[in-house]
Amino acid sequence: MKVLVTGHNGYMGSVMTSLLIMAGHAVTGLDTYYYENGLANSLSKGIPTSRKDVRDIQENDLLGYDAVIHLAGLSYDRLGELDRQLTHEINYKASVRLAKMAREAGVKRFLFASSCSVYGSSRDTTLTEDAPLKPLSPYAESKARAEEGISKLAAADFSPVLMRSATAYGYSPNFRTDLVLNNLAGWASLTGRIRFRSDGTAWRPVAHVEDISRAFVAVLDAPSSCIHGQVFNVGVNGENYQVRQLAAIVRDVVPGCVVEYARDCDSDPRNYRVDFSKLHREVGSYCPSWNAQLGAEELYQFYQRCGMPIEHFEGPLFVRLKRLEQLRDAQELDSALRWRNQEAQSRGLDGE
1172 MKVLVTGHNG YMGSVMTSLL IMAGHAVTGL DTYYYENGLA NSLSKGIPTS RKDVRDIQEN
1232 DLLGYDAVIH LAGLSYDRLG ELDRQLTHEI NYKASVRLAK MAREAGVKRF LFASSCSVYG
1292 SSRDTTLTED APLKPLSPYA ESKARAEEGI SKLAAADFSP VLMRSATAYG YSPNFRTDLV
1352 LNNLAGWASL TGRIRFRSDG TAWRPVAHVE DISRAFVAVL DAPSSCIHGQ VFNVGVNGEN
1412 YQVRQLAAIV RDVVPGCVVE YARDCDSDPR NYRVDFSKLH REVGSYCPSW NAQLGAEELY
1472 QFYQRCGMPI EHFEGPLFVR LKRLEQLRDA QELDSALRWR NQEAQSRGLD GE
């Protein structure tokens, strides 16, 4: 297929794009490049790319594509709290608008990167795709509303697919330290300690960024009858963990690591376990290969190999919220998170 990937230069996009090309698809990337990273950018060489904000995409940008994979957006809970209205505008309104234009442009498949965070809190229940949505943050709410708007666009010749991914972890050319397992492994590897601000009892489903990307490739390749208008939880059964269990896995991987809990710390209200059986049942070509143990080992080796300074680990190179705050403070982005130099922002990169 000829595929447009929005957010192709991000944490997940820089992994997924390579897997799509390996699967034989013709890929074009589109990204606003908030998080420019030399290694991730180098992977875009040789493929058509465009530097554009998803809010500015027009129907002409979508002509000739068989599928759109929409990854772009403000990408996790703390980043969503940067500005509730902007989160609503970018993650919800711009996503539904993009899906509408894709349908009008003749695109056949639209894969939307949603999140298991839309479930909010599940207490003792393991959630399937039919569970009620109880988003607890602006980010999760924006994803839930986008799902609702995009699903209504399904038509005989347009198949939207809602991909509710588990919390990602693992190495990517555009790495992040603000994801739970990446963060725990980083603190352990760089300081020898993991210090909790919560009691660590909240449940999270986690999945390696490669396995999440493989799910998108599998859904893209699946027969339309299997995926048309469907919602899929994206992850691996058996990979739901309490955060303290993830810390214990990291502790056992990193020599000498100590885990500490603050006194009188509270529980995280975001607390959910998720069932991933539907994806494995309906899309038989999906074959994940990672678990949290292997991920912690990979992350420890990465941190050891790269010798990351702690100021980089906590700073704008690898923390999305701090990067946007840095760009705002430097007045490179305006209050609406638009580049002030519009001429530079709108130029196509053409694989440079």
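Per our numbering, the sequence shown starts with residue 1172, numbered consecutively. All residues carry an ideal CB built from backbone N, CA and C; glycine is no exception.
Inset, instruction - May I ask you to verify whether the segment 1353-1365 touches the segment 1478-1492, counting CB pairs closer than 8 Å and requiring at least 3? - result: yes
Inset, instruction - Going by DSSP, name the residue or residues bridged to leucine 1175. - result: Thr1199, Val1239
Inset, instruction - Tell whether a beta-carbon distance below 7 Å holds between glutamine 1413 and tryptophan 1374. - result: yes
Legend entry - Reference leucine 1488; option with closest CA among Thr1348, Glu1453, Val1407: Thr1348
Inset, instruction - Specify the secondary structure class of aspartate 1295 as computed by DSSP and reduced to three states. - result: strand
Legend entry - With 16 other Cβ atoms within 10 Å as the buried cut-off, status of aspartate 1177: In the sequence as presented, aspartate is not what sits at residue 1177; that position holds threonine. Classification for threonine 1177: buried.
Legend entry - Coarse secondary structure for histidine 1451, derived from DSSP in three states: helix
Legend entry - For arginine 1226, the three-state DSSP class (helix, strand or coil): helix
Inset, instruction - Determine the direct distance from the alpha carbon of glycine 1455 to that of aspartate 1232, and round the result to whole angstroms. - result: 32 Å
Inset, instruction - Could you pull out every residue in the same chain whose Cβ sits closer than 6 Å to the Cβ of alanine 1515, ignoring the five residues on either side in sequence? - result: Confidence at alanine 1515 is low in this model, with a pLDDT of 42, below 50, so its placement is unreliable and the value that follows should be read with caution. Cβ neighbours of alanine 1515 beyond the five flanking positions: none.
Legend entry - Beta-carbon contacts of valine 1239 that lie in its chain and below 6 Å, excluding the five residues immediately before and after: Leu1175, Ala1273, Val1278, Phe1281
Legend entry - Segment contact, 8 Å Cβ cut-off, at least three pairs: the segment 1371-1389 with the segment 1320-1330: no
Legend entry - Whether alanine 1337 touches valine 1377 by CB criterion (7 Å): yes
Legend entry - Through-space distance from serine 1395 to arginine 1509, alpha-carbon basis: 37 Å
Inset, instruction - Could you please give me the residues that DSSP links to alanine 1325 through a beta bridge? - result: BP columns for alanine 1325 are empty, so no partner.
Legend entry - Length of the line joining the Cα atoms of serine 1285 and aspartate 1423: 32 Å
Legend entry - Identity of the residues DSSP links to glutamate 1431 by a beta bridge: Arg1366
Inset, instruction - Give the C-beta separation of serine 1266 and glycine 1291 to the nearest angstrom, bearing in mind that I take them to be a contact with Cβ-Cβ under 8 Å. - result: That pair is no contact at about 20 Å.
Inset, instruction - Leaving aside the five residues before and after aspartate 1521 along the sequence, list all residues of the same chain whose C-beta is less than 6 Å from its C-beta, in chain order. - result: Any reading at aspartate 1521 needs caution, since the residue's pLDDT is 36, under 50, leaving its predicted position unreliable; the model's value is listed next. None.
Legend entry - Nearest residue (CA-CA) to lysine 1173, options Ile1192, Thr1203, Pro1303, Val1186: Ile1192
Legend entry - Other residues of its chain near serine 1448: CB distance less than 7 Å, five sequence neighbours each side excluded: Asn1408
Inset, instruction - Could you check the C-alpha separation between valine 1332 and arginine 1444 for me, to the nearest Å? - result: 21 Å
Inset, instruction - Let me know if alanine 1317 comes out buried or exposed under the rule of 16 or more other beta-carbons within 10 Å of its beta-carbon. - result: buried
Inset, instruction - Let me know the alpha helix (DSSP H) ranges lying completely inside the segment 1370-1401, each 4 residues or longer, listed in chain order. - result: 1380-1392, 1395-1398
Inset, instruction - Using a threshold of 7 Å, state whether the C-beta atoms of alanine 1467 and isoleucine 1420 are closer than that. - result: yes
Legend entry - Own chain partners of serine 1517 with C-beta closer than 8 Å, once the 5 adjacent residues on each side are dropped: Note that serine 1517 scores a pLDDT of 45, beneath 50, so its modelled location is shaky; the value from the coordinates is reported in the next line. For serine 1517, where only same-chain residues beyond five positions count, the Cβ hits under 8 Å are Arg1222, Lys1223, Asp1227.
Legend entry - Minimum C-alpha distance to phenylalanine 1329 - residue among Ala1393, Asp1237, Leu1465, Arg1255: Asp1237
Legend entry - Cross-strand partners of threonine 1338 (DSSP beta bridge): Val1377
Legend entry - Under the three-state DSSP convention, the category glycine 1519 falls into: Because glycine 1519 carries a pLDDT of 38, less than 50, the predicted location of this residue cannot be relied on, and the following value inherits that uncertainty. The answer is strand: DSSP assigns glycine 1519 an E or B state.
Inset, instruction - Quick one: give me the first and last residue of the alpha helix (DSSP H) that leucine 1190 is part of. - result: 1184-1193
Inset, instruction - Pick helix, strand or coil for glutamine 1475, following the three-state DSSP scheme. - result: helix
Inset, instruction - Assign tryptophan 1510 to one of three DSSP states: helix, strand, or coil. - result: strand
Inset, instruction - Please classify phenylalanine 1484: does DSSP put it in a helix, a strand, or coil? - result: helix
Inset, instruction - Just the C-alpha distance for aspartate 1202 and histidine 1179, rounded to the nearest angstrom, thanks. - result: 6 Å
Legend entry - Span of the beta strand (DSSP E), counted from its first residue to its last, around arginine 1494: First-last for arginine 1494: 1491-1500, but that is the alpha helix (DSSP H), not the beta strand (DSSP E).
Legend entry - Nearest candidate by alpha-carbon position, reference proline 1219, set Glu1230, His1196, Tyr1205, Tyr1206: His1196
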